[in-house]
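**Student:**
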Amino acid sequence: MPVHIVEHPLVHDALVELRDKTTTPEHFRRAARRISVLLAAEAFRDAPSTAVTVDTPLGPSGGRRISPDIVVVPVLRAGLGMLEAVIELAPHARVGHIGLQRDEMTAVASQYNSKLPARLDKSFVLMIDPMLATGGSAVAALQLLEAAGARQIRIVCIVAAPEGIAMVERHHPDVAIYTPAVDRGLNEHKFIVPGLGDFGDRLYGTL
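Our numbering puts the sequence shown at residues 870 to 1076.
1) Per DSSP, Met996 is paired with what?
2) Considering Cα atoms alone, identify which of Ala883, Val942 and Gln970 is closest to Gln1021.
3) Tell me whether the beta-carbon of Pro1049 lies closer than 7 Å to the beta-carbon of Leu879.
4) Should His961 be labelled buried (16 or more other beta-carbon atoms within 10 Å of its own) or exposed?
5) Between Leu907 and the rest of its own chain, which residues show a CB-CB distance below 8 Å, the 5 nearest in sequence each way excluded?
6) Once you ignore the five residues that flank Thr1075 on each side, which residues in its own chain have a CB closer than 8 Å to its CB?
7) For the alpha helix (DSSP H) containing Ser905, list its first residue and its last residue.
8) Does the structure place the stretch 918-931 close enough to the stretch 986-1003 that three or more beta carbon pairs sit under 8 Å?
9) In the DSSP assignment, find the unbroken alpha helix (DSSP H) run with Pro960 in it and report its ends.
10) Alpha carbons only, please: which of Val1028, Ala1016 and Lys890 is nearest the one belonging to Leu985?
11) Would you check if the distance between the CB atom of Cys1026 and the CB atom of Leu995 is smaller than 7 Å?
12) Please go through the same chain and pick out, in chain order, the residues whose beta-carbon is closer than 8 Å to the beta-carbon of Pro937, but skip the five residues on each side of it.
13) Taking the alpha carbon of His873 as the reference point, which residue from Ala1045, Leu969, Ile997 and Leu1011 has its own alpha carbon closest?
14) Any heavy atom of the ligand PLP inside 6 Å of the beta-carbon of Pro999?
15) Give me the Cα-Cα distance between Thr891 and Arg898, rounded to the nearest whole angstrom.
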């Protein structure tokens, strides 16, 4: 599936604040919440919904309700910085967690935690991870989701590298990626350039 580039000006306003090296953790968190809401809204655009009728104070009105079977899965730890904003849009969503640790020398991801809801085969799954760099963590997380039965999966990330996109497309071509930015590539340490640094460290003030 194609990469969906989100062009909304409010998304890019928040992205500039996230990229700025002088942004404090407080303002970084605020910008992360703001951009996550907007990106999730785009990813939910093709979420299943059903026609309903409700009674307003002045009479019946037709409308649509989003599917009750929404699952949001942050990739720890950085994905937690997006979670609260995303479930504001779908407060009924079930939430899973996937913990992956990237080796700083090899850039290979190893799993240290996985707790996923049951019965994912008919769920609309939104996997959230701010940085799609090598794609190794994303592919590992997607394999866990698919092994748990997930079939409709979308990835939401704040910055992506061409290498990470290519890796996901090679191993999981049916998974759509939503991002506002595809940067130049990776440096020798496998960090996205120009990127925004280590998202988790900047979010939690652990630099």
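Using N, Cα and C, we set each Cβ at its ideal position, and we do this for glycine too.
**Tutor:** Walking through what the data contain:
1) According to DSSP, Met996 bridges with Val942 and Ile1024.
2) Residue Val942 is the option with its Cα nearest to Gln1021.
3) No. Outside cutoff.
4) By the 10 Å Cβ count, His961 comes out exposed.
5) The answer, listed in chain order, is Val875, His877, Leu879, Val880 and Ala883.
6) Around Thr1075, the same chain offers Gly1069 as residues with beta carbons nearer than 8 Å, after the five sequence neighbours per side are excluded.
7) Here the alpha helix (DSSP H) through Ser905 covers Pro894 to Ala912.
8) A contact is defined here as three or more CB-CB pairs under 8 Å, and the stretch 986-1003 fails this definition with respect to the stretch 918-931.
9) Where Pro960 is concerned, there is no enclosing alpha helix (DSSP H), given that its DSSP letter is neither H nor E.
10) Selection Val1028, Ala1016 and Lys890 evaluated against Leu985 yields Ala1016 as nearest (Cα-Cα).
11) In this structure, the beta-carbon distance from Cys1026 to Leu995 does not fall below 7 Å.
12) Residues of the same chain with a CB within less than 8 Å of the CB of Pro937, apart from the 5 flanking positions on each side, are His961 in chain order.
13) Considering only alpha carbons, the answer is Ala1045.
14) Inclusion of the ligand PLP in the displayed structure is not the case, the ligand content being empty and no account of it being possible.
15) The alpha-carbon atoms of Thr891 and Arg898 are separated by roughly 13 Å.
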